[in-house]
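Each protein sequence line maps, in turn, to chains A, B and C.
Just so we're aligned: the first sequence equals residues 34 to 275 in the working numbering.
Just so we're aligned: the second sequence equals residues 384 to 579 in the working numbering.
Just so we're aligned: the third sequence equals residues 384 to 579 in the working numbering.
For glycine and all other residues, C-beta sits at the position ideal for the given N, C-alpha and C.
On a predicted model such as this, the values are computed, not experimentally measured, just so you know.
Data first, discussion second: the structure below is written as structure tokens.
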Amino acid sequence: MTEPETLTLDLDGWEGPLDLLLALARNQKVNLREISILALVDQYLAFIEQAREIRLELAADYLVMAAWLAYLKSGLLLPRDPEVEPSPEDLALRLQLRLERLNAMRDVGARLMARDRIGRDVFARGSPEGLRTMRKTLWQAEIFDLIAAYGRISARTRPVMHIVADRPVMTLEAALDRVARLVGSTVDWAVIESFLPDGASDLFRKSALASSFLAALELARQGRVELQQASPFAPLYLRALR
Amino acid sequence: MTAPDPLVRAVEAILFAATEPLTADAIRAHVGEGANVRAALDRLAADYAGRGVELVRRGDRWHFQTAADMAHLLRRDREEPRRLSRAGTETLAIVAYHEPVTRAEIEAIRGVQISKGTIDVLMEAGWVRPAGRREVPGRPLLYATTPAFLAHFGLASRRDLPGLEDLRAAGLLDPLDLALEMQADTNEVVKRSEQD
Amino acid sequence: MTAPDPLVRAVEAILFAATEPLTADAIRAHVGEGANVRAALDRLAADYAGRGVELVRRGDRWHFQTAADMAHLLRRDREEPRRLSRAGTETLAIVAYHEPVTRAEIEAIRGVQISKGTIDVLMEAGWVRPAGRREVPGRPLLYATTPAFLAHFGLASRRDLPGLEDLRAAGLLDPLDLALEMQADTNEVVKRSEQD
Numbered sequence: 034m035t036e037p038e039t040l041t042l043d044l045d046g047w048e049g050p051l052d053l054l055l056a057l058a059r060n061q062k063v064n065l066r067e068i069s070i071l072a073l074v075d076q077y078l079a080f081i082e083q084a085r086e087i088r089l090e091l092a093a094d095y096l097v098m099a100a101w102l103a104y105l106k107s108g109l110l111l112p113r114d115p116e117v118e119p120s121p122e123d124l125a126l127r128l129q130l131r132l133e134r135l136n137a138m139r140d141v142g143a144r145l146m147a148r149d150r151i152g153r154d155v156f157a158r159g160s161p162e163g164l165r166t167m168r169k170t171l172w173q174a175e176i177f178d179l180i181a182a183y184g185r186i187s188a189r190t191r192p193v194m195h196i197v198a199d200r201p202v203m204t205l206e207a208a209l210d211r212v213a214r215l216v217g218s219t220v221d222w223a224v225i226e227s228f229l230p231d232g233a234s235d236l237f238r239k240s241a242l243a244s245s246f247l248a249a250l251e252l253a254r255q256g257r258v259e260l261q262q263a264s265p266f267a268p269l270y271l272r273a274l275r
Numbered sequence: 384m385t386a387p388d389p390l391v392r393a394v395e396a397i398l399f400a401a402t403e404p405l406t407a408d409a410i411r412a413h414v415g416e417g418a419n420v421r422a423a424l425d426r427l428a429a430d431y432a433g434r435g436v437e438l439v440r441r442g443d444r445w446h447f448q449t450a451a452d453m454a455h456l457l458r459r460d461r462e463e464p465r466r467l468s469r470a471g472t473e474t475l476a477i478v479a480y481h482e483p484v485t486r487a488e489i490e491a492i493r494g495v496q497i498s499k500g501t502i503d504v505l506m507e508a509g510w511v512r513p514a515g516r517r518e519v520p521g522r523p524l525l526y527a528t529t530p531a532f533l534a535h536f537g538l539a540s541r542r543d544l545p546g547l548e549d550l551r552a553a554g555l556l557d558p559l560d561l562a563l564e565m566q567a568d569t570n571e572v573v574k575r576s577e578q579d
Numbered sequence: 384m385t386a387p388d389p390l391v392r393a394v395e396a397i398l399f400a401a402t403e404p405l406t407a408d409a410i411r412a413h414v415g416e417g418a419n420v421r422a423a424l425d426r427l428a429a430d431y432a433g434r435g436v437e438l439v440r441r442g443d444r445w446h447f448q449t450a451a452d453m454a455h456l457l458r459r460d461r462e463e464p465r466r467l468s469r470a471g472t473e474t475l476a477i478v479a480y481h482e483p484v485t486r487a488e489i490e491a492i493r494g495v496q497i498s499k500g501t502i503d504v505l506m507e508a509g510w511v512r513p514a515g516r517r518e519v520p521g522r523p524l525l526y527a528t529t530p531a532f533l534a535h536f537g538l539a540s541r542r543d544l545p546g547l548e549d550l551r552a553a554g555l556l557d558p559l560d561l562a563l564e565m566q567a568d569t570n571e572v573v574k575r576s577e578q579d
């Protein structure tokens with residue numbers, strides 16, 4: 034068994050409590066399957082005690098492991114309580130399995146590193162010519178894309194002629210004539226719609242209404258009619274001013 | 384291959400792993416003084432004669448290289464489909480409808496400058512080719528479409544391209560205005576028929 | 384060597400020229416579909432058996448490398464590849480023998496947290512790669528080895544990992560819940576001792 038002093042000096046070298054436990058277990062110089070868990074626990078606790086005596090800062094996980102091992106030790110020594118699950122023997126077995134597992138990975142890690150490795154033992158070609166992949170772009174476009182593009186360009190750059198469809202409209206001049214004439218023939222207030230031609234199509238009525246309204250405003254500005262409306266959107270009345 | 388002797392194997396491994404051609408002396412530094420490196424090199428050269436890899440001598444240095452007649456196999460072409468950009472499509476359309484055209488004319492028709500790469504892409508695709516020069520000051524290069532262009536777009540000739548009237552009928556010309564106007568007309572018809 | 388047929392020569396040249404191990408499919412991309420690349424590879428492997436250079440298969444990839452017994456001649460004036468730390472070596476072994484494996488599982492076996500850099504070094508070396516996530520709460524990342532790992536360590540497949548069968552037979556590669564369970568026990572003991 035290694036002297037505790039040596040271990041203390043080496044503390045920085047341990048990769049955690051399991052690593053330390055494995056080193057202690059290996060020092061029993063037997064197959065890991067036959068190690069004495071109790072002896073191992075004693076060695077670990079002794080090591081931790083030693084470290085504390087010389088006031089070495091111990092990482093928390095070392096102390097956690099110490100607490101767990103102390104618990105395991107008492108379980109192994111005291112008369113068995115069948116109520117406690119898992120049994121201390123189970124726990125000891127698992128600890129041993131963990132140590133075996135880590136030990137196995139350490140072994141095969143070393144065996145891996147010792148294999149004939151590229152760049153150390155075996156070598157690839159020193160100056161390979163290299164394989165080249167020539168990327169060739171396969172351009173894609175459909176005939177529709179082409180035609181649509183030309184339509185787009187033409188739309189964008191050609192002088193555009195706007196053709197307005199011939200629609201039935203009443204011009205402002207016609208409305209002025211008509212409203213001036215009709216308002217002169219009555220004395221009472223008359224609603225503006227009564228100045229519109231009868232039997233006109235819907236579209237023509239709209240045009241006539243808009244033009245007649247403008248005509249009414251113009252005639253009012255000229256002081257020839259007066260207008261009256263109770264509220265917004267209420268009927269609009271006209272009568273001639275004399 | 385017949386199994387070579389240890390020295391030949393050593394020289395073979397050394398030359399294979401070397402990052403540059405080696406002189407016989409440099410090889411000897413690895414295998415030990417007194418070794419008959421020249422004999423080993425001759426044996427190797429004979430072993431590899433006619434294979435895909437050859438031992439060659441350049442001046443007083445030796446190295447392995449792949450056989451010259453295998454060079455074409457070390458390259459591999461890979462085709463990557465890629466959609467033509469909007470600028471590319473428009474430029475191609477202008478060349479197709481107006482060929483032969485100069486770059487300046489293409490820009491005038493597009494109303495936008497085109498980058499050098501745009502025509503390059505069309506030439507790379509094999510759809511556009513240079514077609515002489517226009518005999519005006521500066522003698523600008525002319526561009527025209529290729530037979531491959533017709534083949535790709537399934538056209539027997541450029542005359543198969545739809546004309547402006549066809550485009551207009553298909554709603555591809557000034558499509559926004561037309562669509563709105565048509566909608567207005569439709570609405571009116573609906574109202575009228577409702578009144579009837 | 385006897386002069387090989389054109390396909391064998393082609394495969395030979397391609398593998399010599401390649402900067403990394405190639406799959407049969409990658410070789411086929413150079414020599415053409417329908418070529419019996421596997422037969423050519425077998426013929427090449429036989430041709431080179433016992434020479435200073437060998438054709439080896441690593442996973443599903445093939446490459447030429449110098450014969451292992453030439454190592455003593457080639458090592459001179461070459462730097463050793465970077466030495467892996469103990470943590471790195473153990474972590475690599477755990478990934479290789481347990482893959483795919485999570486970081487928590489690696490830590491459970493090592494009994495200590497692994498620093499961020501440990502897995503990074505293995506990934507940078509090209510030996511370890513992320514391999515999806517385990518579909519459990521938290522969806523932890525899984526790690527596995529790469530084709531380059533097999534190539535570097537001269538393994539024809541993961542089955543060639545040293546001692547793999549023995550470890551499996553001994554139950555040392557079983558799922559890790561046992562080890563994890565014990566860690567849970569440890570935590571519980573800590574809680575209990577804190578309460579005392």
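Go to residue i, then tell me how far its alpha helix (DSSP H) extends in each direction, as first and last residue.
i: residue 129/A; result: 121–146
i: residue 500/C; result: 499–507
i: residue 544/B; result: No alpha helix (DSSP H) holds residue 544/B; DSSP gives it neither H nor E.
i: residue 389/B; result: 389–400
i: residue 413/C; result: 407–414
i: residue 50/A; result: 50–59
Can you pull the chain C residues whose beta carbon is under 8 Å from the beta carbon of residue i, in chain order?
i: residue 536/B; result: Correct list: empty, because the minimum Cβ distance to chain C is about 30 Å.
i: residue 109/A; result: Under the 8 Å cutoff, chain C gives no residues; its nearest Cβ is about 14 Å from residue 109/A.
i: residue 161/A; result: 399, 400, 401 and 402
Find the residues of chain C that neighbour residue i, judging by a C-beta separation of less than 7 Å, and give them in chain order.
i: residue 387/B; result: 434
i: residue 151/A; result: 448, 534 and 535
i: residue 617/B; result: Since the first residue shown for chain B is 384 and the last is 579, residue 617/B is missing from the structure and cannot be characterised.
i: residue 400/B; result: 449 and 457
i: residue 156/A; result: 448, 449 and 457
Could you spell out the range, first to last residue, of the beta strand (DSSP E) harbouring residue i?
i: residue 173/A; result: 165–173
i: residue 459/B; result: 458–466
i: residue 101/A; result: No beta strand (DSSP E) holds residue 101/A; the alpha helix (DSSP H) holding it covers 93–110.
i: residue 261/A; result: 258–262
i: residue 525/B; result: 524–528
i: residue 249/A; result: That residue, residue 249/A, is in no beta strand (DSSP E); its alpha helix (DSSP H) goes 235–254.
Residue j and residue i - do their beta-carbons sit closer together than 7 Å?
i: residue 396/C; j: residue 435/B; result: yes
i: residue 404/B; j: residue 455/B; result: no
i: residue 203/A; j: residue 234/A; result: no
i: residue 476/B; j: residue 179/A; result: yes
i: residue 510/C; j: residue 529/C; result: yes
i: residue 144/A; j: residue 545/C; result: yes
i: residue 55/A; j: residue 136/A; result: yes
Just to confirm my understanding: we take residue i, look at its own chain, exclude 5 residues before and 5 after, and list those with CB closer than 7 Å. What are they?
i: residue 516/B; result: 522, 523, 524 and 525
i: residue 78/A; result: 99, 102 and 103
i: residue 490/B; result: 496 and 497
i: residue 391/B; result: 423, 426 and 427
i: residue 106/A; result: 71 and 74
i: residue 58/A; result: 65, 68, 73 and 132
Whose Cβ in chain B lies nearer than 7 Å to the Cβ of residue i?
i: residue 395/C; result: 434, 435 and 436
i: residue 392/C; result: 434, 435, 450 and 453
i: residue 189/A; result: 494
i: residue 179/A; result: 472, 475, 476, 479 and 536
Which residues in chain A sit within 7 Å of residue i, going by Cβ to Cβ distance?
i: residue 460/B; result: 167 and 169
Taking 7 Å as the CB-CB cut-off, is residue i touching chain E?
i: residue 513/B; result: The displayed structure is made up of protein chains A, B and C, and chain E is not among them.
Starting from the C-beta of residue i, find all residues in its chain whose C-beta is less than 8 Å away, skip the five residues before and the five after it, and write them out in chain order.
i: residue 457/C; result: 449
i: residue 514/C; result: 482, 483, 525, 526 and 527
Give the C-beta separation of residue i and residue j to the nearest angstrom, bearing in mind that I take them to be a contact with Cβ-Cβ under 8 Å.
i: residue 272/A; j: residue 259/A; result: 6 Å
i: residue 225/A; j: residue 207/A; result: In fact, because the Cβ distance is near 15 Å, the residues do not count as touching under 8 Å.
i: residue 254/A; j: residue 228/A; result: Actually they are not in contact, since the Cβ atoms of residue 254/A and residue 228/A sit about 17 Å apart, beyond 8 Å.
i: residue 473/B; j: residue 182/A; result: 5 Å
i: residue 393/B; j: residue 453/C; result: 6 Å
What does residue i touch in chain B if you count any residue whose Cβ is under 8 Å from its own?
i: residue 527/C; result: None at all; the shortest Cβ gap to chain B is about 28 Å.
Ordered along the chain, which non-local residues of its own chain (more than five positions away) have a Cβ less than 6 Å from that of residue i?
i: residue 518/C; result: none
Taking C-beta pairs closer than 9 Å, name the residues in chain A that residue i reaches, listed in chain order.
i: residue 480/C; result: 137, 138 and 141
Can you pull the chain C residues whose beta carbon is under 9 Å from the beta carbon of residue i, in chain order?
i: residue 50/A; result: 494 and 495
In chain A, which residues lie less than 8 Å from residue i when you measure between Cβ atoms?
i: residue 531/B; result: In chain order: nothing, as chain A lies at least about 11 Å away.
i: residue 546/C; result: 137, 140, 141 and 144
Since residue i meets chain B, which of its residues come closer than 9 Å, beta carbon to beta carbon?
i: residue 261/A; result: Within 9 Å Cβ-Cβ: nothing; residue 261/A doesn't reach chain B, min ~32 Å.
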